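The block underneath contains the structure these notes are about, expressed in structure tokens.
There are 2 protein chains.
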Amino acid sequence: MTPTPGPVGAVRQGSLRELNLAVVLGRIATADRPPSRAVLATETGLTRATVSALVEDLITGRLVTEAEPAPRSGAGRPARGLVLAGNGPAGLGLEINVDYLAVCVVDLAGRVRHHTVHRADLRPVSPADALRRLVELAGQARAEAAAQGLTLAGAALGVPGLVDDAGTVRLAPNLGWRDVPVPALLAGLPPLTERVDGIPPIVVDNEANLSALGELHAGSGGPASFLHISGEVGIGAGIVLDGDLFRGARGWSGEIGHIPVHSAGRACSCGGRGCLEQYAGQEAILAAAGLDRADLPADTASVRLTELAETGSVDALRALREAGTALGIAVASVVNLLDLDTVVLGGGYAPLTPWLRPPVLDEISRRVLTAAWSPVTVRPAALGADAAAVGAAGSVVRRIIARPAGWLARTG
Amino acid sequence: MTPTPGPVGAVRQGSLRELNLAVVLGRIATADRPPSRAVLATETGLTRATVSALVEDLITGRLVTEAEPAPRSGAGRPARGLVLAGNGPAGLGLEINVDYLAVCVVDLAGRVRHHTVHRADLRPVSPADALRRLVELAGQARAEAAAQGLTLAGAALGVPGLVDDAGTVRLAPNLGWRDVPVPALLAGLPPLTERVDGIPPIVVDNEANLSALGELHAGSGGPASFLHISGEVGIGAGIVLDGDLFRGARGWSGEIGHIPVHSAGRACSCGGRGCLEQYAGQEAILAAAGLDRADLPADTASVRLTELAETGSVDALRALREAGTALGIAVASVVNLLDLDTVVLGGGYAPLTPWLRPPVLDEISRRVLTAAWSPVTVRPAALGADAAAVGAAGSVVRRIIARPAGWLARTG
DNA sequence: GGCTATTTGTTCAGCGATTGAATTATTTGG
DNA sequence: CCAAATAATTCAATCGCTGAACAAATAGCC
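Chains W and L are the protein sequences, given in the same order.
The first sequence begins at 349 in the numbering used here and counts up by one.
The second sequence begins at 349 in the numbering used here and counts up by one.
The following block contains the structure:
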């Protein structure tokens, strides 16, 4: 992970253009229908003249294109709709997880233009070797992107663990990684993307954070606030506030798996007692449902559980209800604290939503003081298992849209 | 409470000036020693010429004055230090609580220039009457401020309850208020402050939020992230992220009192079980220490408790340890979720910090995964019981400093 | 004491980006 | 076919920042 761009300090004469380019591009990105220059002018308060000039820059920089079929009504010269370009910069998304590598390419508009998943047990593989394999896949993705007219402008990598500001994976328990300096390891390998001013070549971030960003990207586009919970072996959460990921003082926010739900309950590997993970983690649910994780491949666990629940297995239903209750207690804490109106169940939880939702809502309505006035929505994630990779690629795209000047300034 | 200013949309030609005025004034406000124009120029990246022009505007607008005794070293023309003016705009802070009304005036530099506390049991008093008394006190404060050369530019009111965007107190249980439209009630009374562009005449907000802001103001000034916990009859928290109060989707964040700490524990008035308030609220601590709240005036409760703890009362020490443990469990949840590095104990908790801190730190180090790498500081609040009123006044000052153009544009 | 180096703050012509009005382009409706 | 309406562009004017030159004020040195 990397420090966020941060609020603008002083506004120099030149920054003015940069800011307005970002404002106009941002409007085009979040609009639900292709806006015309005139609409952009009234929305932003800028003059039509200014908007025209800005849009021209964006078009020549391959960030925006004109969409001819613009819906009309009434008299007057027809507007030319503006949409994000499908042949400009794109983001490269990478993911290393316990049992697969994933690579994807997402264009400015958020469309997934390329996607590869390489299944393999990564636990016995050294970090250097895992990254080598990933770079190989990335090379193919880059060629594929070029064939589609896209330029990879930056990359982001999701890992299931804690990452510090320098991109070092401090701890990824399920992967067996500790203090892995990813940027240094990648430095010796072929570059993943073009060099673009203002876009770091590689950003390493927590998988749960990136999944939340992926969900944000998949949503309607406007600013949103929600809690995205990834239920895997561990339980991680990404907190999106007003359309931005909240990372905390050191980037280690969202460790919802170790929120205490039964303060004097089961001992947890973290040293605490009664952590959520002990009641709603994948292992706990499977054990309660009478399944042995060793019996089935890791990625089929939630599929199997869904089958059992659908056929009405008493054990499975009870296990899910208990897990949902524990989850609800933790979520109630979060909602009390942050006053969020949406909770997204992602990762392995997504297909289990029909069974998890009722007990979660139950606990929320019981424990959240303001629930009566402001209902909380609990819904499954829009993206599937590849949310982290898509979110990683999307984070690159977000960066370009937030500061298009860097891309426009590139030579060529 | 009111919607936060929000990020600038488009940057018009004129906004450029506004932004740079804010940048320069902000630097002056947060500097630890009076900066010179030259220092400001290098810090902000603006030219000395530009900074001079901006500073001139700020000085003629009575926001900044030159501090003659500027500390020097080396050769060269001596710099003239710039400090926030003590005779310009000021904020009016108001507080209505269960057993007192408070009014204070805070100037740009954060100094408290006037302070009145009016003790009275407010529970039997109607909201309209309470506000009438408050306006009377505010009138005196306004005269006092004028005598000191200050102009009241806006007011904020803290109440112990939930406030919606329109300033209506939806629920203040300990005050017995429900759906009280404060702005409408004040509309019939004499105005509290001058009318300044961009500053709402009255902002109503939760007491815990404002206390957190007060703490932020009392701190070193730089951006900070912390959790401020007000331990009163109820337990409220204010979350400060990067120097800004986090309010949540509807402004109802920080309801830490109803975080479940013992999921199947004591029933709470909110309908849940095992809420923090049941273990670390004022009533719970007093009861556990063998004190009856009815026996002593509300505001002396924590004083009495401190005495008992200092004399080594076994019951009191046990009560505080238990409360601290419960508090620690809740705080651990918050830190796991938000990765904050500082927890401030405010309100009634502040004097009890010596006894509460050990169990709180204990639970944090046990339950927070990242605690080993990133220690969490637990400290008492810098401000006392008047934190909310001071924070309220400070919130007005913050607003002026964040957007000085509004004040500068006023006629006169 | 006088000179130089050094740093601060101001003045002023120049420039870049936005502005606002006028102009051109393109369609609907009568 | 013409008038009304809306969209987009052109262009001189304007506003605020820039950069360099200049004036001001002090310390150190001979």
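The C-beta atom is built at its ideal place from N, Cα and C for all residues, glycine as well.
Every value quoted in this text rests on a predicted model; they were computed, and no experiment measured them.
Item to check | Run of the alpha helix (DSSP H) containing R526 of chain W, from where it starts to where it stops | outcome: For the purposes of this step, residue 526 of chain W is taken as residue 178 along the first sequence, with counting starting at 1. First-last for R526 of chain W: 525-529, but that is the beta strand (DSSP E), not the alpha helix (DSSP H).
Item to check | Through-space distance from F594 of chain W to G584 of chain W, alpha-carbon basis | outcome: Counted from its first residue, the first sequence places residue 584 of chain W at position 236. Counted from its first residue, the first sequence places residue 594 of chain W at position 246. When the Cα atoms are used, G584 of chain W and F594 of chain W turn out to be separated by approximately 13 Å.
Next on the checklist: Less than 7 Å between CB atoms is the rule here; does G562 of chain W satisfy it with respect to chain L?
Outcome noted: Walking along the first sequence from the start, residue 562 of chain W turns up at place 214. No, because no Cβ of chain L sits closer than 7 Å to the Cβ of G562 of chain W.
Item to check | Check whether G562 of chain L and L364 of chain L have beta carbons under 7 Å apart | outcome: The residue labelled residue 562 of chain L in the question sits at position 214 within the second sequence. The residue labelled residue 364 of chain L in the question sits at position 16 within the second sequence. No. Outside cutoff.
Item to check | Cross-chain neighbours of T516 of chain L in chain W, by beta carbon under 7 Å | outcome: Here residue 516 of chain L refers to the residue found at position 168 when the second sequence is read from its first residue. Here the premise fails: no neighbours, minimum Cβ distance about 11 Å.
Checklist entry - Along the chain, where does the beta strand (DSSP E) that runs through V691 of chain W open and close? => result By one-based count along the first sequence, residue 691 of chain W stands at place 343. First-last of the beta strand (DSSP E) with V691 of chain W: 690-695.
Item to check | Cβ-Cβ separation, S722 of chain W to R598 of chain L (assumed contact under 8 Å), whole Å | outcome: Here residue 598 of chain L refers to the residue found at position 250 of the second sequence. Here residue 722 of chain W refers to the residue found at position 374 of the first sequence. With 8 Å as the limit, R598 of chain L and S722 of chain W qualify as a contact, their Cβ atoms being about 5 Å apart.
Checklist entry - Between the C-alpha atoms of E603 of chain W and L685 of chain L, what's the straight-line distance to the nearest angstrom? => result Position 255 of the first sequence, counting from 1, holds the residue named residue 603 of chain W. Position 337 of the second sequence, counting from 1, holds the residue named residue 685 of chain L. E603 of chain W and L685 of chain L have their C-alpha atoms some 5 Å from each other.
Next on the checklist: Determine, for P437 of chain W, whether the minimum Cβ-Cβ distance to residues of chain L falls below 7 Å.
Outcome noted: Indexing the first sequence from 1 puts residue 437 of chain W at position 89. Output row for P437 of chain W: interface = no.
Next on the checklist: I'd like to know if S559 of chain L contacts chain W, where contact means its C-beta is closer than 7 Å to some C-beta of that chain.
Outcome noted: On the second sequence, residue 559 of chain L is found 211 positions in, with the first residue counted as 1. Not an interface residue.
Checklist entry - Relative to chain W, which residues along the region 672-694 of chain L have a C-beta separation below 9 Å, given in chain order? => result T673, A674, I677, A678, A680, S681, V682, V683, N684, L685, L686, D687, L688, D689, T690
Item to check | chain L contacts made by the region 585-613 of chain W, where a contact means CB separation under 9 Å | outcome: Under the 9 Å Cβ criterion, the region 585-613 of chain W contributes A585, I587, L589, D590, F594, R595, G596, A597, R598, G599, W600, S601, G602, E603, I604, G605, H606, I607, P608, V609, H610, S611, A612, G613.
Checklist entry - Any C-beta of chain L sitting closer than 7 Å to the C-beta of L534 of chain W? => result For the purposes of this step, residue 534 of chain W is identified with residue 186 of the first sequence, where counting begins at 1. Not closer than 7 Å to any Cβ of chain L, the Cβ of L534 of chain W fails to qualify, so no.
Checklist entry - Can a CB atom of chain L be found closer than 7 Å to the CB of S722 of chain W? => result In the first sequence, residue 722 of chain W corresponds to position 374, counting from 1. Interface residue, yes.
Checklist entry - At a CB-CB cut-off below 7 Å, which residues of chain L make contact with G620 of chain W? => result As a position in the first sequence, residue 620 of chain W is number 272, starting the count at 1. Simply R714, R715.
Checklist entry - DSSP on R621 of chain W, reduced to helix/strand/coil? => result Start at 1 with the first residue of the first sequence, and residue 621 of chain W comes out as number 273. DSSP places R621 of chain W in strand when its eight states are reduced to three.
Next on the checklist: For a test of the three-state rule: what should DSSP assign to V371 of chain W, helix, strand or coil?
Outcome noted: Sequence index remark: in the first sequence, residue 371 of chain W carries index 23 (1-based). In the structure shown, V371 of chain W sits in a helix (DSSP, three-state: H, G or I).
Item to check | C-alpha distance - V507 of chain W paired with S601 of chain W, whole-angstrom precision | outcome: The sequence position of residue 507 of chain W within the first sequence is 159, counting from 1. The sequence position of residue 601 of chain W within the first sequence is 253, counting from 1. Rounded to the nearest angstrom, the two C-alpha atoms are 15 Å apart.
Checklist entry - Apart from the five residues just before and just after G694 of chain L, which ones in its own chain have a Cβ nearer than 7 Å to its Cβ? => result As a position in the second sequence, residue 694 of chain L is number 346, starting the count at 1. Hits under 7 Å: S559, E563, H576, I577, S578, A729, A735.
Checklist entry - What's the call for V692 of chain L, buried or exposed, on a 16-neighbour Cβ count within 10 Å? => result Within the second sequence, numbered from 1, the residue matching residue 692 of chain L stands at position 344. Of the other Cβ atoms in all chains shown, 16 or more fall within 10 Å of the Cβ of V692 of chain L; this residue is therefore buried.
Checklist entry - Would you say V372 of chain W touches the ligand SAM, meaning its beta carbon is less than 6 Å from a heavy atom? => result This structure lacks the ligand SAM, and indeed carries no ligand of any kind.
Item to check | Below-7 Å beta-carbon distance, T718 of chain W vs any chain L residue | outcome: Residue 718 of chain W sits at position 370 when you count from the first residue of the first sequence. So, interface residue.
Checklist entry - By the criterion of Cβ-Cβ separation under 9 Å, what are the contact partners of T751 of chain W in chain L? => result Translated into the one-based positions of the first sequence, residue 751 of chain W becomes position 403. Looking at the sequence shown, residue 751 of chain W is not Thr but Arg. What R751 of chain W touches in chain L: nothing, since even the nearest Cβ is about 13 Å away.
Next on the checklist: Checking 7 Å against the spacing of the C-beta atoms, do V451 of chain L and L430 of chain L come in under that value?
Outcome noted: Taking the second sequence and counting its residues from 1, the one referred to as residue 451 of chain L is at position 103. Taking the second sequence and counting its residues from 1, the one referred to as residue 430 of chain L is at position 82. In terms of Cβ geometry, V451 of chain L and L430 of chain L do not form a close pair [threshold 7 Å].
Checklist entry - Are the C-beta atoms of P351 of chain W and some chain L residue less than 7 Å apart? => result Taking the first sequence and counting its residues from 1, the one referred to as residue 351 of chain W is at position 3. Model confidence at P351 of chain W stands at a pLDDT of 30, short of 50, so the residue's coordinates are unreliable and nothing is read from them.
Item to check | Under 7 Å from the C-beta of S573 of chain L: neighbouring residues of chain W | outcome: Position 225 of the second sequence, counted from the first residue, corresponds to residue 573 of chain L. Simply A597.
Next on the checklist: Quick check on the DSSP output: the beta strand (DSSP E) that includes R467 of chain L runs from which residue to which?
Outcome noted: Here the question's residue 467 of chain L lines up with position 119 in the second sequence. Start and end: 460-467.
Item to check | Start and end residues, beta strand (DSSP E) containing P437 of chain W | outcome: As a first step, residue 437 of chain W is located in the first sequence; it is residue number 89 there, counting from the start. Taken as a continuous stretch (DSSP letters only), the beta strand (DSSP E) holding P437 of chain W covers 437-444.
Checklist entry - Near D469 of chain L, what residues of its chain come up, given a Cβ to Cβ distance below 7 Å and the 5 sequence neighbours on each side ignored? => result As a working mapping, residue 469 of chain L is identified with position 121 in the second sequence. Closer than 7 Å at Cβ, skipping near neighbours: D447.
Checklist entry - Is L634 of chain W helix, strand or coil when you go by DSSP? => result Reading the first sequence from its first residue, position 286 is the one you call residue 634 of chain W. In the structure shown, L634 of chain W sits in a helix (DSSP, three-state: H, G or I).
Item to check | Pick from W:T718, W:P529, W:A680 that is closest to L709 of chain W, judged by C-alpha positions | outcome: As a working note, residue 709 of chain W is residue 361 in the first sequence. It is W:A680.
Checklist entry - So, is A671 of chain L buried or exposed, given that buried needs 16 or more other C-beta atoms within 10 angstroms? => result Counting from one through the second sequence, the residue named residue 671 of chain L turns up at place 323. The residue in question, A671 of chain L, is buried, as its Cβ has 16 or more Cβ neighbours within 10 Å.
Item to check | Per-residue contacts from G546 of chain L into chain W (C-beta, under 7 Å) | outcome: Locating residue 546 of chain L in the second sequence gives position 198, counting from the first residue. Chain W residues near G546 of chain L: none, gap ~16 Å exceeds 7 Å.
Checklist entry - Going along the chain, which residues of the region 387-405 of chain L sit with their C-beta nearer than 7 Å to a C-beta in chain W? => result The residues in question are T392, G393, L394.
Item to check | Residue interval of the alpha helix (DSSP H) (run including E563 of chain W) | outcome: Taking the first residue of the first sequence as position 1, residue 563 of chain W is located at position 215. Residues 555-566.
Checklist entry - G739 of chain L by DSSP, collapsed to three states: which one? => result Translated into positions along the second sequence, residue 739 of chain L becomes position 391. Of the three classes helix, strand and coil, the one that applies to G739 of chain L here is helix, per DSSP.
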